[in-house]
Amino acid sequence: SAVISQKPSRDICQRGTSLTIQCQVDSQVTMMFWYRQQPGQSLTLIATANQGSEATYESGFVIDKFPISRPNLTFSTLTVSNMSPEDSSIYLCSFSGGRDRGAGNTIYFGEGSWLTVV
Amino acid sequence: DAKTTQPPSMDCAEGRAANLPCNHSTISGNEYVYWYRQIHSQGPQYIIHGLKNNETNEMASLIITEDRKSSTLILPHATLRDTAVYYCIVRALPGGTASKLTFGTGTRLQVTL
Chain A
173 SAVISQKPSR
183 DICQRGTSLT
193 IQCQVDSQVT
203 MMFWYRQQPG
213 QSLTLIATAN
223 QGSEATYESG
233 FVIDKFPISR
243 PNLTFSTLTV
253 SNMSPEDSSI
263 YLCSFSGGRD
273 RGAGNTIYFG
283 EGSWLTVV
Chain B
18 DAKTTQPPSM
28 DCAEGRAANL
38 PCNHSTISGN
48 EYVYWYRQIH
58 SQGPQYIIHG
68 LKNNETNEMA
78 SLIITEDRKS
88 STLILPHATL
98 RDTAVYYCIV
108 RALPGGTASK
118 LTFGTGTRLQ
128 VTL
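Chains as they are written, first to last, in the working numbering: chain A, 173 to 290; chain B, 18 to 130.
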């Protein structure tokens, strides 16, 4: 399967600032997903990003707060805007790729970006 | 996507088989059962998936009941490195294209000496 990497792996951010997380896959993939995992919680999908179209956001997430870019089939960014302490989370990039016995494409995850907002 | 129910936590002795149950009584005919695990501080790791037949790979075995309303993930010889949160996810595949994963709370497996 393809390799996926995220940057930064962790960061400490000031309240009110914005941070962009980059996600790079080493092969072309159709769909990329961004998840958030708040401390002690499970993963929550933020949005689905297809190349060449606007991201589709899940309920509770808006583009102004979490703008996403998907300029090509190997790269995506997620920006966390105007951060507050409540945005302290792990942000995970994932992609749909690989052929797996007719089940569509299995989703694989990066290692995540740990953000702490102070 | 159908909802899944898992026990919040389980213990297993190292070297023994870990059997993690999952209930998905409302699963539809076109929905697959996927298992992921998340070791502390890491991204979720794909383990295995299946539709209706039992499946086995180098990591685990997946046993799906005949009515598909429940399944069991089996780690045949658990090690301390298998300590993680295990997520059972039912995933619909409209039109054969990829679809999102919806995570529940999972089962926290603790492997002990």
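Glycine included, every Cβ here is placed at the ideal spot set by N, Cα and C.
Counted within 10 angstroms of its Cβ, other Cβ atoms place residue i as buried (16 or more) or exposed
i: Val198(A); result: In the sequence as presented, Val is not what sits at residue 198(A); that position holds Asp. Classification of Asp198(A): exposed, given that the 10 Å Cβ count is below 16.
i: Val175(A); result: exposed
i: His94(B); result: exposed
i: Gln213(A); result: exposed
i: Ala219(A); result: buried
i: Asp137(A); result: Because residue 137(A) is not part of the residues shown, which for chain A are 173 to 290, the question remains open.
i: Asp23(B); result: Here residue 23(B) turns out to be Gln, not Asp, going by the sequence shown. Buried: at least 16 other Cβ atoms inside 10 Å.
i: Leu287(A); result: buried
i: Thr96(B); result: exposed
i: Asp84(B); result: exposed
i: Val290(A); result: exposed
i: Gly32(B); result: exposed
i: Ser231(A); result: exposed
i: Glu75(B); result: exposed
i: Thr192(A); result: exposed
Reference residue i, options the options, closest by Cα
i: Leu130(B); options: Leu118(B), Gly121(B), Asp99(B); result: Asp99(B)
i: Thr73(B); options: Ser42(B), Thr89(B), Gln127(B), Val128(B); result: Thr89(B)
i: Asn254(A); options: Trp286(A), Thr246(A), Phe238(A); result: Phe238(A)
i: Thr249(A); options: Gln194(A), Ser285(A), Ser261(A), Glu283(A); result: Gln194(A)
i: Ser181(A); options: Leu126(B), Gln59(B), Ala109(B), Glu83(B); result: Gln59(B)
i: Pro38(B); options: Met76(B), Glu75(B), Leu92(B), Leu68(B); result: Leu92(B)
i: Phe120(B); options: Thr216(A), Gly188(A), Thr192(A), Ser260(A); result: Thr216(A)
Short Cβ contact (9 Å threshold) for residue i with residue j
i: Phe205(A); j: Ala221(A); result: yes
i: Pro61(B); j: Phe281(A); result: yes
i: Ser177(A); j: Val252(A); result: no
i: Ile235(A); j: Tyr63(B); result: no
i: Leu245(A); j: Gln200(A); result: yes
i: Lys15(B); j: His41(B); result: This structure gives no information on residue 15(B), because the portion of chain B shown stretches from 18 to 130.
i: Leu118(B); j: Ala35(B); result: no
i: Arg187(A); j: Ser256(A); result: yes
Neighbour flag for residue i against chain B, beta carbons, 9 Å
i: Gly232(A); result: no
i: Ser266(A); result: yes
i: Asp272(A); result: Bear in mind that a pLDDT of 49 at Asp272(A), under 50, signals an unreliable position, so the number given afterwards is only what the model happens to contain. At least one chain B Cβ lies under 9 Å of Asp272(A).
i: Phe205(A); result: yes
i: Leu245(A); result: no
i: Ala275(A); result: Here the model assigns Ala275(A) a pLDDT of 46, short of 50, so the residue's position is not dependable, and the following value carries that caveat. For Ala275(A), the answer is yes, since a Cβ of chain B falls inside 9 Å of its Cβ.
i: Leu287(A); result: no
i: Leu215(A); result: yes
i: Phe281(A); result: yes
i: Ser251(A); result: The sequence given here places Thr at residue 251(A); Ser does not occur at that position. No - not a single Cβ of chain B is within 9 Å of the one on Thr251(A).
i: Thr278(A); result: yes
i: Thr117(A); result: No statement about residue 117(A) is possible, as the shown extent of chain A runs from 173 to 290 and does not include it.
i: Gly284(A); result: yes
Any C-beta of chain A under 9 Å from that of residue i
i: Tyr103(B); result: no
i: Lys20(B); result: no
i: Ser45(B); result: no
i: Thr96(B); result: no
i: Thr119(B); result: yes
i: Pro93(B); result: no
i: Thr100(B); result: no
i: Ser26(B); result: no
i: His66(B); result: yes
i: Thr114(B); result: Here Thr114(B) scores only 45 on pLDDT, less than 50, and its place in the model is too uncertain to base an answer on.
i: Thr122(B); result: yes
i: Pro38(B); result: no
i: Gln23(B); result: no
Any non-hydrogen atom of the ligand ADP within 8 Å of residue i CB
i: Arg33(B); result: Looking for the ligand ADP in the displayed structure turns up nothing, as the structure carries no ligands at all.
* Asked: Quick check: the region 209-228 of chain A against the region 28-36 of chain B, are there 3 or more CB pairs under 8 Å?
  -> no
* **Three CB pairs or more closer than 8 Å across the region 38-57 of chain B and the region 95-109 of chain B** => yes
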